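Inspection log for the structure reproduced underneath, given as structure tokens.
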Amino acid sequence: MSYLVSIVGRPNVGKSTLFNRIIGQKKAIVHVKSGVTRDRIYGNSEWNGIHFSVVDTGGYNPPNNHIDIIDTEIRKQILIALKESDAILFLVDMEIGLLDVDIEISKILRKCKKSILLVVNKVDNGKNLYHDTDFFRLGFNNYYCISAINGSGTGEMLDRLIEILKKLVEKKVEEREGIPRFSVIGRPNVGKSTLINSFLEKDRHIVTNISGTTRDSIDVFYKKLGYKCILFDTPGVRKKSKISENIEFYSTMKTVKTIKYTDICFLMVDAVRGWESQDRNIFRLIEKNQKGVIILINKWDLLHNNQNSSIQKNFEIFIKKNIAPFDNVPILFISAKNKDGIYNIIPIAYHIFRKRKKRLKTNLLNRVMLPIFKKNPPPSINKKLITIKYCTQLPTYTPKFIFFSNYPQYIKESYKRFIENKIRYYFDFIGVPIQIFFRKK
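Right under this line is the structure:
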């Protein structure tokens, strides 16, 4: 479970210096001139066995009558970071002292209702320690004096930060026990974050035309129309040949980890670009991890004559040929931006979630399947008559079936697919990968 910590404050208080110290590398540019950091910069850190992400934000300048586009954009970026964050490090400057802008920032932070640590920076020697008590006026209980440039005091600050994150872990685990986890997976810039925003009916995640905006897997709690679930927005999965930056490799690995952690994957495809080899590769990754899946054809509104049912049907047939034999998968044509067709996704995902955990009684399974085997037995090999005498579902988290035969080693892959299709047809395992094994009877 990944957590995000934001460093905020007015310009030139040492945010980038603290950011670099926490992540253990010089990633953010540090300069005596204020305003060097304009965009959010992300990094990863670990302290006392807890992993978390850190974001360095631009210096906050209050709005004034003189319109400054850069300052306006920086303020927007800071507000987005605050919404994403689980905890906030509010940095102030001991050398300069308390300013009106610090008080204004503190008022904004209180509205966020997040865990906030007030960090007094540039306390470089014992003489300065607690020299200025004006910062108590800001009213924060967690108060830490540090020197970001030489590291003094940062250990105590991080110890407290980890205590806060551990409590969040315990709280989230308790709140989310038994709640299904749905993740949105796909290539870069197919509309994954837009879909999450449309579900939540607010701009929870950043959306731009530039691919790669989402760098980490971000989870949000969804509770609407009688459904509760955890929604994961993931970075876009690129082809291996296009993964050039370390951050791209990290993003891809985070997506793979999210697939392993999730219950149902929403594989999002760009209708304009069509179904590509990378979409098929992602689908096979989902199938390999035995996860439920729904295929979402996004941006369907951008295609000409998209209301033509034959075009939609041909699109669906083409995809099912590409994903066979596991082709009993819901395929929905949507517009995440316009919210067309998106409200069917969660109910269908819930249906798949329940079927994925379904356990068939052995007598029911045999009563349905044995007549099928008798009518359509496996092809004989070397004059050996192959029969299947018994079957049962294994007590596993995902559907796995074992079939007992006199010659299991001679049963072909095509007959195995035949059995799989029959199980799906009679027991409604739509969108659920199932595994079949043969054993000697």
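In my numbering, the protein residues as written are -8 to 432.
Positions of the beta carbon are idealized from the N, C-alpha and C atoms, including for glycine.
Note that the coordinates shown come from a computational prediction; the quantities given were computed from them, not determined experimentally.
Counting every other CB atom within 10 Å of its CB across the protein chains shown gives Y51 a total of 16 or more, marking it as buried.
I170 is positioned such that its CB atom lies closer than 7 Å to that of I221. Taken through DSSP and simplified to helix, strand or coil, S7 comes out as helix. A direct Cα-to-Cα measurement between T8 and V46 gives close to 12 Å.
Around the beta-carbon of R264, fewer than 16 other beta-carbon atoms lie within 10 Å, marking it exposed.
Distances from the CA of G130 to each of R101, N141 and N188 were compared; the closest alpha carbon is that of R101. V(-1): member of the beta strand (DSSP E) spanning L(-5) to V(-1), first to last residue. Sequence-distant partners of Y401 (beyond 5 residues in either direction) whose C-beta falls short of 7 Å from its own C-beta, in its chain, are I372, K375 and I377. When C-alpha distances from L258 are compared across S268, I285 and W266, the shortest belongs to I285. In this structure, A262 lies near L294, with their beta-carbon atoms less than 7 Å apart. Taking 7 Å as the cut-off, the Cβ atoms of F395 and K380 count as close. Apart from sequence neighbours up to five positions away, the residues of its chain that approach I322 with a beta-carbon distance below 7 Å are I286, I288, E307 and I310, ordered along the chain.
If you look at Q384, you'll find it in the beta strand (DSSP E) that goes I379 to Q384.
For V175 against L186, the beta-carbon gap comes to about 6 Å, under 8 Å, which counts as contact.
Here D93 is buried, its C-beta having at least 16 other C-beta atoms within 10 Å. When beta bridges are read from the DSSP output, G177 appears opposite M259.
For D91, the enclosing alpha helix (DSSP H) starts and ends at D91 to C103. Residue environment: Q16 is assigned as exposed (fewer than 16 neighbouring CB atoms within 10 Å of its CB, all protein chains considered).
Contact between Q384 and R415 fails: their C-beta atoms lie close to 14 Å from each other, not under 8 Å. Counting along the chain, N305 sits inside the alpha helix (DSSP H) bounded by residues S300 to I314. For a cut-off of 8 Å, the C-beta gap from E278 to P424 is around 5 Å, short enough to register as a contact.
Secondary structure of Q426 (DSSP, three-state): strand. DSSP, read as helix, strand or coil, puts E37 in strand. K248 is classed as exposed because its beta carbon has fewer than 16 other beta carbons within 10 Å across all chains shown.
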